[in-house]
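A short worksheet on the structure shown next.
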Amino acid sequence: MGNYPKALSSHEKALEIRQQSLPPNHPNLAMSYNNIGLVYENMGNYSKARTFYEYAIQIGEQSLASNHPNLQNYRNNLEDVKNK
Numbered sequence: 001m002g003n004y005p006k007a008l009s010s011h012e013k014a015l016e017i018r019q020q021s022l023p024p025n026h027p028n029l030a031m032s033y034n035n036i037g038l039v040y041e042n043m044g045n046y047s048k049a050r051t052f053y054e055y056a057i058q059i060g061e062q063s064l065a066s067n068h069p070n071l072q073n074y075r076n077n078l079e080d081v082k083n084k
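Just so we're aligned, residue 1 is where the sequence shown starts under full-length UniProt numbering, counting upward by one.
See the structure below:
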């Protein structure tokens, strides 16, 4: 198993930096939210993972084409965590 607390901390720091330097609907923010969701999912915290995947989808729907692979990935991640 990985060092999830360290990974989570790193992704949260990246999100903070992106929030300070990018517009609120920038696709890189969606990527950060998705990454945090992945860590929570791997830690078994499915409710938090779901929340972060939902944030990623909200931003992705504003900033990416409806068929963009990242947006599809965020949606798939949300569906996967709903089934756990």
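Quick reminder that beta carbons are idealized off the backbone N, C-alpha and C, glycines included.
Exposed or buried, N83, counting other C-beta atoms within 10 Å across all chains shown (16 or more means buried)? Position 83 of the sequence shown holds residue 83. It is exposed - the Cβ of N83 has fewer than 16 other Cβ atoms within 10 Å.
Measuring alpha carbon to alpha carbon, tell me which residue in P24, A65, L22, L8 is nearest Y40. The residue you call residue 40 lines up with position 40 of the sequence shown. Looking from the CA of Y40, the closest CA among P24, A65, L22, L8 belongs to L8.
The alpha helix (DSSP H) that contains N76, what's its start and end? Numbered from 1 along the sequence shown, position 76 holds the residue referred to as residue 76. DSSP places N76 inside the alpha helix (DSSP H), whose first and last residues are 69–82.
Figure out for me which residue from G37, P24, P23, E12 has the closest Cα to the Cα of E54. Taking the first residue of the sequence shown as 1, we reach residue 54 at position 54. If you compare the alpha carbons of G37, P24, P23, E12 with that of E54, the shortest gap goes to G37.
Give the secondary structure of L22 by DSSP, where H, G and I count as helix, E and B as strand, and everything else as coil. Along the sequence shown, read from residue 1 onward, the residue named residue 22 stands at position 22. Correct three-state label for L22: coil.
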